[in-house]
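Asks:
In the numbering used here, the protein residues as written are 1010 to 1290.
(1) With a 10 Å radius around its C-beta and 16 neighbouring C-beta atoms as the bar for buried, classify residue 1269 as buried or exposed.
(2) Just to confirm, are residue 1230 and residue 1140 a CB contact at a threshold of 8 Å?
(3) If you reduce the DSSP assignment to three classes, tell me which class residue 1127 lands in.
(4) Can you give the Cα-Cα distance for residue 1128 and residue 1103, rounded to whole angstroms?
(5) Have a look at residue 1045 and residue 1078 and give me their C-alpha separation to the nearest angstrom.
(6) Please name the residue in 1107, 1137 and 1013 whose C-alpha comes closest to that of residue 1040.
(7) For a test of the three-state rule: what should DSSP assign to residue 1073, helix, strand or coil?
(8) Count the CB pairs spanning the region 1255-1262 and the region 1185-1199 that are closer than 8 Å, and state whether there are at least three.
(9) So, do the region 1115-1129 and the region 1046-1054 have three or more beta carbon pairs nearer to each other than 8 Å?
(10) Could you give the first and the last residue of the continuous alpha helix (DSSP H) run that contains residue 1149?
(11) Just checking, does the region 1059-1077 make contact with the region 1096-1116 on the three C-beta pairs under 8 Å criterion?
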């Protein structure tokens, strides 16, 4: 029996039996499976948060890793279970956009609608597909079953809003907050491809909820360019983050995921329309 590496990402928490039951199903099918918990603390039903967490973590794992991601408010409905192969790894989860950030980044992928109930746990619960569909499919995949055995390939899988910023005006981009971590750091969808070192040197600005961010730093305790309470930093997932030292930027801004962030270069016609607050963070 192959020693498959299987990761689990859910919103189940650890107070109930759900995660343990999934692990039991996997090990019953493949006792040699190595199971890694990515996290079980995704906010309940927060599909975009799960999609970001998976995006931030999957590249750290070796080839042939099987990722099981279950944040599934549509469990029991007509939403499809899917299996995708990309980046030399496998991803199993509900067709609700959870896997779409990885698929968008990788570009080329095979997506299978899981239909072969031979690989499901029986009887099949209408409320716990993590245990009865996704865990046994991942375990079977880890024994060497080919993805095509589970169902037919599809192209119309669900997608979350694209990670790519859009053009707002000449020299300006419309970005957004795609994730807020437990420290209150606001992760935007801006990457180094959008905000270059040259742009930062020229004085690029971020505008969010009337606040203007002009300070770009290398690490959280860096005070090399002033004492601005809010500043931008490149996060470990490769995205530009709006942060506050030893405080929550999200709380200071009263920001939430999906919040508009304007990224403005010098010379752009975009101007602030709200004066910067003088409140202390």
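Note that beta-carbon positions come from the ideal geometry of N, C-alpha and C, so glycine has one too.
Nothing here was measured: the structure is a model prediction, and the numbers come from that model.
Replies: For this structure:
(1) exposed
(2) Cβ atoms of residue 1230 and residue 1140: not closer than 8 Å.
(3) Residue 1127 falls in the helix class under three-state DSSP.
(4) 16 Å
(5) Between the alpha carbons of residue 1045 and residue 1078 lies a gap of roughly 12 Å.
(6) 1013
(7) coil
(8) yes
(9) no
(10) 1144-1151
(11) Between the region 1059-1077 and the region 1096-1116 there are three or more inter-stretch CB-CB distances shorter than 8 Å, so the stretches are counted as touching.
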